[in-house]
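Peer 1: Chains as they are written, first to last, in my numbering: chain A, 1245 to 1670; chain B, 1103 to 1571. A virtual CB, placed ideally from N, CA and C, is assigned to each residue, including glycine. Please see the structure below; I have some questions.
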Amino acid sequence: MTALATAETPSRSASVQKVVSKGGIEAWLVEDYAVPLVALECAFQGGAAQDPVGKPGAMTLFAGLLDEGAGSLDAAAFHQALDEDAIELSFSADRDVTTGRMQTLARNVPRAFELLRLAVNEARLDAEPFERVTGQMMASLKREANDPDYAAGRTFRALSYPGHPYGLPVRGDLTSLPSLTRGDLVETGRRVLARDGLKIAVVGAIDAVSLGTYLDDVFGALPAKGDRLVIPDVVFSGEGRRQVVDLDIPQSNIRFGRQGIARKDDDFIAASVVNHILGGGIFSARLFREVREKRGLAYSVYSQLVTFDHAAMMSGGTSTKNERVVESLDVIQEQIRDLAEAGPTEEELDKARKYLIGSYALRFDTSTKIAAHLVHLQTEGFDVDYLDARNKLIAGVTMEDAKRVAKRLFGDGSLLVVIAGRPENL
Amino acid sequence: MSQGQSGVASPVHGSLGSAPAGLTPSAATPSKAGGPNISQARLANGLDIVVIPDHRAPVITHMVWYRNGSADDPLGKSGIAHFLEHLMFKGTRNHKQGEFSELIADFGGQENAFTSNDYTAYFQRVAREHLRVCMEYEADRMKNLVLSDEVVAPEREVVMEERRMRTDSDPSDLLNEAVQAALYTHHPYGKPIIGWSHEIESLDRQDALAYYDRFYTPENAILVVAGDVEADEVLALATEVYGGIATHGAPPRRSRPREPEPRAHRVVKMVDEKVEQPTHQGVFLVPSYKTAAPGEAEALEVLGHLLGAGPTSLLFKTLVVKDKVAVAAGAYYQGTAVDQTRFYVYGIPAPGISLEDIDAAIDAVVAKVSAEGVSEADLNRAKTRLVAEATYAQDNQSTLARWYGSSLSVGLTLEDIAQWPSRIEAVSAEDVKKATRWLAKHRGVTGFLLPAERSGEHSLAVETEAETV
Chain A
1245 MTALATAETP
1255 SRSASVQKVV
1265 SKGGIEAWLV
1275 EDYAVPLVAL
1285 ECAFQGGAAQ
1295 DPVGKPGAMT
1305 LFAGLLDEGA
1315 GSLDAAAFHQ
1325 ALDEDAIELS
1335 FSADRDVTTG
1345 RMQTLARNVP
1355 RAFELLRLAV
1365 NEARLDAEPF
1375 ERVTGQMMAS
1385 LKREANDPDY
1395 AAGRTFRALS
1405 YPGHPYGLPV
1415 RGDLTSLPSL
1425 TRGDLVETGR
1435 RVLARDGLKI
1445 AVVGAIDAVS
1455 LGTYLDDVFG
1465 ALPAKGDRLV
1475 IPDVVFSGEG
1485 RRQVVDLDIP
1495 QSNIRFGRQG
1505 IARKDDDFIA
1515 ASVVNHILGG
1525 GIFSARLFRE
1535 VREKRGLAYS
1545 VYSQLVTFDH
1555 AAMMSGGTST
1565 KNERVVESLD
1575 VIQEQIRDLA
1585 EAGPTEEELD
1595 KARKYLIGSY
1605 ALRFDTSTKI
1615 AAHLVHLQTE
1625 GFDVDYLDAR
1635 NKLIAGVTME
1645 DAKRVAKRLF
1655 GDGSLLVVIA
1665 GRPENL
Chain B
1103 MSQGQSGVAS
1113 PVHGSLGSAP
1123 AGLTPSAATP
1133 SKAGGPNISQ
1143 ARLANGLDIV
1153 VIPDHRAPVI
1163 THMVWYRNGS
1173 ADDPLGKSGI
1183 AHFLEHLMFK
1193 GTRNHKQGEF
1203 SELIADFGGQ
1213 ENAFTSNDYT
1223 AYFQRVAREH
1233 LRVCMEYEAD
1243 RMKNLVLSDE
1253 VVAPEREVVM
1263 EERRMRTDSD
1273 PSDLLNEAVQ
1283 AALYTHHPYG
1293 KPIIGWSHEI
1303 ESLDRQDALA
1313 YYDRFYTPEN
1323 AILVVAGDVE
1333 ADEVLALATE
1343 VYGGIATHGA
1353 PPRRSRPREP
1363 EPRAHRVVKM
1373 VDEKVEQPTH
1383 QGVFLVPSYK
1393 TAAPGEAEAL
1403 EVLGHLLGAG
1413 PTSLLFKTLV
1423 VKDKVAVAAG
1433 AYYQGTAVDQ
1443 TRFYVYGIPA
1453 PGISLEDIDA
1463 AIDAVVAKVS
1473 AEGVSEADLN
1483 RAKTRLVAEA
1493 TYAQDNQSTL
1503 ARWYGSSLSV
1513 GLTLEDIAQW
1523 PSRIEAVSAE
1533 DVKKATRWLA
1543 KHRGVTGFLL
1553 PAERSGEHSL
1563 AVETEAETV
C-alpha cells in the first residue's frame, strides 16, 4: 500500500517555515521569489454560527464591511488606496471561521499590510457602506429566491439542523438583514476578531523576519481572547424525509444527505475514500457513471463529506427533468445501499486511493491555493507534518476499513431529500 | 464538459463561469520584463505549440485548443460544437470509452473541456511525468474518434439536462439568450453556445462526425503546455506524438456572415413570476482585439475598467454610492473574439427604482465621459490595475494556459500578448473619451428582467424603437 505514496514530491512540510513574531503571533510561511507576489490568508475562529440570536447574516455583513472604510479612510478612500497599488483584500464569513485574504505585488507589501492592519483593527462600519452592503445582500437574496439550486439548498439546510445555528442562512434572510444594527455588528466582531484561534499562512516573496514584524503590526493589538458563544454539537436530522419546494421549472434540483463523520474521527480518511467512490469529482465515480453516463439523467451529480466544528454530514445533489426524478433518486439510493451492503470492489478502492493521493499535488500550484490550504490545515488542528502524513493515511485505508466505514457512513441508506421543481409521480 | 461563453475563464470541472469577464489580455497578461519565458513552435502538419514554463510545483496543464466554436455551427445545427465536445469523451478506435478518464483519475489528475463562441478546448492537469500519456490520448482522439448511436443518444439527453439546468430554469439566462439574439441579427454569435433545444434534439451521430472531420485537424489546433516543463522537452515529445497525425492540407475556414452596422436601439424584456429582483443589462456591438484599429480595443478595455470595474468605478460611484438608485452597477469589455464583440453595462436597482431609471442613469454616466472625458488620476489608476493583472496571472499556470490558448485561438499572436501592457499604458484620456462612441444607443440592446406582477406583457417581447441614426 505505501508504494502508492512514493511517487510524491520529497517533503511538502520542509518547504513551510513556522514564523512566530516577537509578540507571539504564529504564521506558516512558504518563501518563494519565482513570482513577485505575496498572498496572505488569515482565519479567525468563529463565523456565522456566532451571529446574535435572531440576527442571521450579521457576521457576513460585518466581514463585508471590513474593507469598506477604516482608520482615517472612508469607504471611497479605502477602495481607492487598494486600487492605486493594485492590492486585493477581502473578508468573508463561513459557518465556523471568518477569513481574510490579501494578495499584493511584492513592491507594495508595506502598504498592503498597512491596509490589512486598518481593516482588522479600525474598521469604521460607517452608515453609508452599512446601508449599501445590506442593500446588495438583500438584492442577492431576492435574485436567488426562486433559483432551484438555492431554493433546495435553503430548505435542505433548515431541515438538516433545525433549531441550531447551522440551520440558519450564513448570509441572513430578507427579515433579518433590515433588522441588523451597527451595535449587532460590533458585538459580532468582538466575538471573533481576536488572537486566540487565529490562523495565518503567507506564500510568496517575503522573508520570515519581515513577516514577523508585519504580523505584530496587523494582529498584535487584537484582544487575546474572543468573546465567542458556545456552539453545541448537533446531529443531522430529517433522514427518511422527502420535501418538495414547488417551483414552476422543467427540471428538478435535488439535494440529499445524512449524518456524516467528523474530521477528527479516526474513520474520516476512510470515509473520504468511500465518498470518492460514490460521487467524487471524477468521470468514473459511481453516481456519474450510473446517473449521467449510462442513463443520461443529469449533467451534474455528486456527493461530498461536509464537516463543521460541531457537526458532520454526507450530502449530494443532481438536477434532472421533472419526469425522471423518481428514476434518478432510485439509482442514487441503489448505489448508496450497494456500497453500504457490499462495499466497494478492490479495483474501486485501489483507484480511489490513487486519485486522492495523486490529486493532492494540484492543491499546491498557486500561492493563493497554498495559503488557503495551510490555513485550512491549521483550523482543523493539524501541524505541518500532516502535509507529508496525509497521503500515507490514504494509502493505509484497507478493504476492511472501506467496508466497515461504508456501512457506518451509509447505514440503512435513508436520506433527507429536498427537491425544488415539479417532480412527477413522487 | 462544460460550455463557456466567449472568453469565459471557466472554473475547473464542469461548471460555467457566469460573467464573461474574459480571457482577454486584460484579465490576465504577463508582463514582458520578468514574465514567464514563453516559446512557440509549429509542427510540419500545422499544429501550433506554446510552452509556458512554471517550475514552482511539479505539475503541468496540457491543453489542446481547436479554432472552432459555436459560431461555426452549421445552419440548423446549433449546439453541434458543444455536443461534439461531450462526445469526444466516448472513446476511439484504440481506446474504449472512459479509458482516458480512468487513467487521468489514477494519476489524481483533473480533466475537462469547454466550448465557446470561437473555440473548443480540452485539458488535463497532472503531475509532470504524465505529460506524454496525456499527449498520446489527446492526439489519438484528434483522429480516431468512434461514435455509436448507443453512446450518442444518452449523451444528447445529458446536454438537454445541461440546458435545462443552466438556461431553461433561469429567467436571467433566458433573457441573456434573447439579448444576444437581438444584438446579433445576422452573425452567429447570436446563437446560444449550447444550442436551441429543438436543434439539439435533432443532432445525431452523422452530424457530429461530419463536424469532427471538418474541424479536428492538426492545422486547426493549438497545443498549450504550462507548468514544470522546458520548451525543448515539450517540442520533442509533441513532434513524436502529435507529429504523426496526417495533415489535412489546409486549415478549415471559418465562414461567418458579417453583422451589419446596427441602426436601431433594441429593448428586450423578460417577465417571469420567478423574478423577485429586477435587473438591467445593456450590451453594445463593438470591435474586438482582432477587428479593432490599433489602440481601439485597448481604449475600450480601459473604458470598461473606468466605467465599471468595482467600487472605484464611475458607474458604481454615481449610481450606487452618490445617487443610491442602484445596489450594484458595472461594465466590462469582452475583447477576445474573432469578430465584432460585446461591451456590457449593468445595474441592479435599489427598491422603488425602475429599470428605465437605471438605463437613463447609466446613459448619463457614459454621456458625461463622452463630453468631459476622464481625469488623469482615474486613468492612471485604471491602467495600474489592468497592467498588474499581468503579474497576478503568473501565479496560476492554468490561467496563463487559458489566456494564451484563447488569444491564439481567435487569431491574436504572442507579440500581441507581450505588447499588451505597453499598449494599455499608451491609452490617453482622449482615447477613452473617443471610445464612448461605441456605446451609442443605436449600437446596442437593453435587457430588462422583470417580476411578473409588474405588467401583463408577454413573457418575452422584443421592441424595436424608432430611434435610429
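May I ask which residues mark the beginning and end of the beta strand (DSSP E) holding B:Lys1245?
Peer 2: One-based indexing of the second sequence puts residue 1245 of chain B at position 143. Taken as a continuous stretch (DSSP letters only), B:Lys1245 belongs to no beta strand (DSSP E), being part of the alpha helix (DSSP H) at Leu1233 to Lys1245.
Peer 1: Comparing alpha-carbon positions, which option in B:Val1261, B:Glu1458 and B:Tyr1446 lies nearest B:Ala1428?
Peer 2: Counting from 1 along the second sequence, the entry for residue 1428 of chain B is found at position 326. Nearest of B:Val1261, B:Glu1458 and B:Tyr1446 to B:Ala1428, Cα basis: B:Glu1458.
Peer 1: Using the three-state DSSP reduction, which class does A:Lys1262 fall into: helix, strand or coil?
Peer 2: As a first step, residue 1262 of chain A must be located in the first sequence, where it is residue number 18. Three-state result, A:Lys1262: strand.
Peer 1: Ends of the beta strand (DSSP E) at A:Asp1490?
Peer 2: Here the question's residue 1490 of chain A lines up with position 246 in the first sequence. That run of the beta strand (DSSP E) goes Arg1486 to Asp1490.
Peer 1: Please confirm whether B:Leu1402 and B:Trp1540 have their CB atoms less than 8 Å apart.
Peer 2: As a first step, residue 1402 of chain B is located in the second sequence; it is residue number 300 there, counting from the start. As a first step, residue 1540 of chain B is located in the second sequence; it is residue number 438 there, counting from the start. In this structure, B:Trp1540 lies closer than 8 Å to B:Leu1402 by Cβ.
Peer 1: Straight-line CA distance for A:Asn1352 to A:Ala1302?
Peer 2: Within the first sequence, numbered from 1, the residue matching residue 1352 of chain A stands at position 108. Within the first sequence, numbered from 1, the residue matching residue 1302 of chain A stands at position 58. So the alpha carbons of these two residues sit roughly 32 Å apart.
Peer 1: Between the Cα of A:Asp1490 and those of A:Ala1586, A:Gly1665, A:Val1570 and A:Asp1582, spot the shortest distance and give me the residue it belongs to.
Peer 2: Position 246 of the first sequence, counted from the start, is the residue given in the question as residue 1490 of chain A. Minimum Cα distance to A:Asp1490 is reached at A:Gly1665.
Peer 1: Work out the CA separation of A:Ala1389 and B:Gln1379 for me, nearest whole Å.
Peer 2: Taking the first residue of the second sequence as 1, we reach residue 1379 of chain B at position 277. Taking the first residue of the first sequence as 1, we reach residue 1389 of chain A at position 145. Their Cα atoms are separated by approximately 9 Å.
Peer 1: Since B:Tyr1446 sits in a beta bridge, which residues does DSSP pair it with?
Peer 2: To locate residue 1446 of chain B, count along the second sequence from 1; it is residue 344. Answer by DSSP bridge pairing, in chain order: B:Val1385 and B:Tyr1434.
Peer 1: Mind checking which residues open and close the alpha helix (DSSP H) that includes A:Ile1450?
Peer 2: Mapped onto the first sequence, residue 1450 of chain A falls at position 206. Looking at the DSSP string, A:Ile1450 is not in any alpha helix (DSSP H), and its letter there is neither H nor E.
Peer 1: Below 8 Å between beta carbons: does that hold for A:Ala1646 and A:Leu1600?
Peer 2: As a working mapping, residue 1646 of chain A is identified with position 402 in the first sequence. As a working mapping, residue 1600 of chain A is identified with position 356 in the first sequence. Cβ distance not < 8 Å, so A:Ala1646 and A:Leu1600 don't count as in contact.
Peer 1: For A:Arg1361, count neighbouring C-beta atoms within 10 Å of its own C-beta (all shown protein chains included) and say buried if the count is 16 or more, exposed if not.
Peer 2: The residue labelled residue 1361 of chain A in the question sits at position 117 within the first sequence. Burial call: buried.
Peer 1: Give the range of the alpha helix (DSSP H) segment to which B:Asp1334 is assigned.
Peer 2: The count along the second sequence starts at 1 and reaches residue 1334 of chain B at position 232. Run containing B:Asp1334: Ala1333 to Val1343, per the alpha helix (DSSP H) assignment.
Peer 1: So is B:Asp1480 buried or exposed if we call it buried at 16+ other beta carbons inside 10 Å?
Peer 2: Start at 1 with the first residue of the second sequence, and residue 1480 of chain B comes out as number 378. Buried: at least 16 other Cβ atoms inside 10 Å.
Peer 1: What span of residues does the beta strand (DSSP E) with B:His1164 cover, start to end?
Peer 2: Working through the second sequence from its first residue, we reach residue 1164 of chain B at position 62. Residues Val1161 to Tyr1168.
Peer 1: For B:Glu1252, name the three-state secondary structure that DSSP assigns.
Peer 2: Residue 1252 of chain B sits at position 150 when you count from the first residue of the second sequence. DSSP, reduced to helix, strand and coil, places B:Glu1252 within a helical segment of the structure shown.
Peer 1: Does DSSP put B:Pro1553 in a helix, a strand or coil?
Peer 2: Your numbering for residue 1553 of chain B matches position 451 in the second sequence. If DSSP states are grouped into helix, strand and coil, B:Pro1553 belongs with the strands.
Peer 1: What whole-angstrom Cβ distance do A:Ser1404 and A:Lys1299 have, given they're in contact under 8 Å?
Peer 2: Counting from 1 along the first sequence, the entry for residue 1404 of chain A is found at position 160. Counting from 1 along the first sequence, the entry for residue 1299 of chain A is found at position 55. Contact doesn't hold; Cβ gap of about 21 Å is too wide.
Peer 1: Around the C-beta of B:Gln1308, are 16 or more other C-beta atoms found within 10 angstroms, so that it is buried, or is it exposed?
Peer 2: Along the second sequence, read from residue 1 onward, the residue named residue 1308 of chain B stands at position 206. So B:Gln1308 ends up on the exposed side.
Peer 1: Using a Cβ-Cβ distance cut-off of 8 Å, determine whether A:Glu1285 contacts chain C.
Peer 2: Of the protein chains in this structure, namely A and B, none is chain C.
Peer 1: Rounded to whole angstroms, what's the CA-CA distance from B:Gln1485 to B:Ala1537? Just pull it up for me.
Peer 2: Residue mapping note: residue 1485 of chain B aligns to position 383 of the second sequence, counting from 1. Residue mapping note: residue 1537 of chain B aligns to position 435 of the second sequence, counting from 1. For the sequence presented, residue 1485 of chain B should be read as Lys rather than Gln. Take the alpha-carbon of B:Lys1485 and the one of B:Ala1537: they are about 16 Å apart.
Peer 1: So is B:Ile1450 in contact with chain A if we call contact Cβ pairs under 8 Å?
Peer 2: Within the second sequence, numbered from 1, the residue matching residue 1450 of chain B stands at position 348. Cβ-Cβ to chain A under 8 Å: yes for B:Ile1450.
Peer 1: Below 8 Å CB to CB, which residues in the same chain sit around B:Ile1154 once its five sequence neighbours on both sides are set aside?
Peer 2: As a position in the second sequence, residue 1154 of chain B is number 52, starting the count at 1. So the list reads Pro1138, Ile1140, Val1326, Val1327, Ala1328, Gly1329, Gln1499, Leu1502, Ala1503 and Tyr1506, once near-sequence residues are dropped.
Peer 1: Of all Cβ atoms in chain A, is any one closer than 8 Å to the Cβ of B:Gly1193?
Peer 2: As a first step, residue 1193 of chain B is located in the second sequence; it is residue number 91 there, counting from the start. Output row for B:Gly1193: interface = no.
Peer 1: Say whether the segment 1260 to 1270 of chain B touches the segment 1214 to 1232 of chain B, bearing in mind that this needs 3 or more beta-carbon pairs closer than 8 Å, one atom from each stretch.
Peer 2: Flag = no, the segment 1260 to 1270 of chain B and the segment 1214 to 1232 of chain B do not touch.
Peer 1: Out of B:Asp1150, B:Ala1411 and B:Arg1158, point me to the one whose CA is closest to B:Tyr1434's CA.
Peer 2: For this step, residue 1434 of chain B is matched to residue 332 along the second sequence. Nearest option by C-alpha distance: B:Ala1411.
Peer 1: With burial defined as no fewer than 16 other Cβ atoms inside 10 Å of the residue's Cβ, what is the status of B:Pro1576: buried or exposed?
Peer 2: Within the shown structure, residues of chain B are numbered from 1103 to 1571, placing residue 1576 of chain B beyond reach of any answer.
Peer 1: If you draw a straight line from the alpha carbon of A:Gln1487 to that of A:Phe1512, how long is it in whole angstroms?
Peer 2: The residue given as residue 1487 of chain A occupies position 243 in the first sequence. The residue given as residue 1512 of chain A occupies position 268 in the first sequence. Cα to Cα, the separation comes out at about 29 Å.
Peer 1: Which residues in chain A sit within 7 Å of B:Arg1483, going by Cβ to Cβ distance?
Peer 2: On the second sequence, position 381 is the one that residue 1483 of chain B refers to. Within 7 Å Cβ-Cβ: Asp1327 and Glu1328.
Peer 1: Leaving out five residues before and five after A:Phe1626 in sequence, what residues of the same chain have Cβ atoms less than 7 Å from its Cβ?
Peer 2: One-based indexing of the first sequence puts residue 1626 of chain A at position 382. Cβ within range, chain order: n/a, list empty.
Peer 1: Pull up the distance between the alpha-carbon of B:Ile1206 and that of B:Met1372, whole angstroms please.
Peer 2: For the purposes of this step, residue 1206 of chain B is identified with residue 104 of the second sequence, where counting begins at 1. For the purposes of this step, residue 1372 of chain B is identified with residue 270 of the second sequence, where counting begins at 1. Between B:Ile1206 and B:Met1372, the C-alpha separation is close to 43 Å.
Peer 1: For B:Ala1473 and B:Gly1397, what's the separation of their Cα atoms in angstroms?
Peer 2: Your numbering for residue 1473 of chain B matches position 371 in the second sequence. Your numbering for residue 1397 of chain B matches position 295 in the second sequence. C-alpha separation (whole angstroms): 20 Å.
Peer 1: Enumerated in chain order, which unbroken segments of the alpha helix (DSSP H) with a length of 4 residues or greater are wholly contained in the segment 1368 to 1438 of chain A?
Peer 2: Fully enclosed alpha helix (DSSP H) runs of 4 or longer: 1371 to 1388, 1392 to 1404, 1420 to 1423 and 1426 to 1436.
Peer 1: Between which residues of its own chain and A:Asp1295 is the CB-CB distance below 6 Å, once the five residues before and five after are set aside?
Peer 2: For the purposes of this step, residue 1295 of chain A is taken as residue 51 along the first sequence, with counting starting at 1. So the list reads Ala1302 and Met1303, once near-sequence residues are dropped.
Peer 1: Hey, would you say A:Ala1278 sits closer than 8 Å to A:Ala1307, going by beta carbons?
Peer 2: For the purposes of this step, residue 1278 of chain A is taken as the residue at position 34 of the first sequence. For the purposes of this step, residue 1307 of chain A is taken as the residue at position 63 of the first sequence. Going by beta carbons, A:Ala1278 and A:Ala1307 fall outside the 8 Å limit.
Peer 1: Look at the alpha carbon of A:Tyr1630 and the alpha carbon of A:His1620, and state the distance between them as a whole number of angstroms.
Peer 2: Position 386 of the first sequence, counted from the first residue, corresponds to residue 1630 of chain A. Position 376 of the first sequence, counted from the first residue, corresponds to residue 1620 of chain A. Between the alpha carbons of A:Tyr1630 and A:His1620 lies a distance of about 12 Å.
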